[in-house]
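Numbering of the sequence shown is given in this note's numbering, commencing with residue 5 and proceeding in unit increments. A virtual CB, placed ideally from N, CA and C, is assigned to each residue, including glycine.
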Amino acid sequence: MAFRRFVVQCMVLSLTSLSLVLGAGCGAGAPEAGSEGLESSLPEEASLEVSEQELQNCKAYNYYHDEARNPRGPNRCSNSCDCDGMRTCSSFGWCQGVARPPVSCTSPQYYWNEAWNPQGPNRCNSSCQCDGRRTCSSFGWCQGTAR
């Protein structure tokens, strides 16, 4: 009996809190939908768009992204930068494909962003730290024709 009374009290408190929260945005003192204060807090559309160059930087074997932390939910995406490695964003908003497909690091299908190398941009320890068919020179630089 005491437990039932406790549950009812919690439900009443929860409903009261919910009505206060919902009612706070309404009434005479509430900001209007078109007010300047509200508009200034919204991000501009231009800042939300991802350029084609940025999308290409995200599609790399060494691009690591924790899809579980995506704003739309785990494995949900708005563009390929929300997906790990070589995975892409489907038209339905889901990450698809294999993040790190088993291809040779000298294959043209091997995408590696040399700018992120630990030794510095275009620096390497092996050819697997160079993009596509580029190779690592004996001096530690990626050499050959880039994409």
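### Task
Can you have a look at Q123 and say buried or exposed, based on whether 16 or more other CB atoms are within 10 angstroms of its CB?
exposed
### Query
In this structure, what does DSSP give as the bridge partners for T139?
Q147
#### Entry: Alpha-carbon spacing of S130 relative to A103, whole angstroms
21 Å
#### Entry: Alpha carbon of G136 to alpha carbon of N126, nearest angstrom
13 Å
### Query
What does a CB cutoff of less than 8 Å around T92 pick up in its chain, not counting 5 residues either side in sequence?
K63, S84, C99, Q100, G101
### Query
For G144, which residues of its own chain have a beta-carbon under 8 Å away from its beta-carbon, when the five flanking residues on both sides are left out?
Q123, R127, C128, N129
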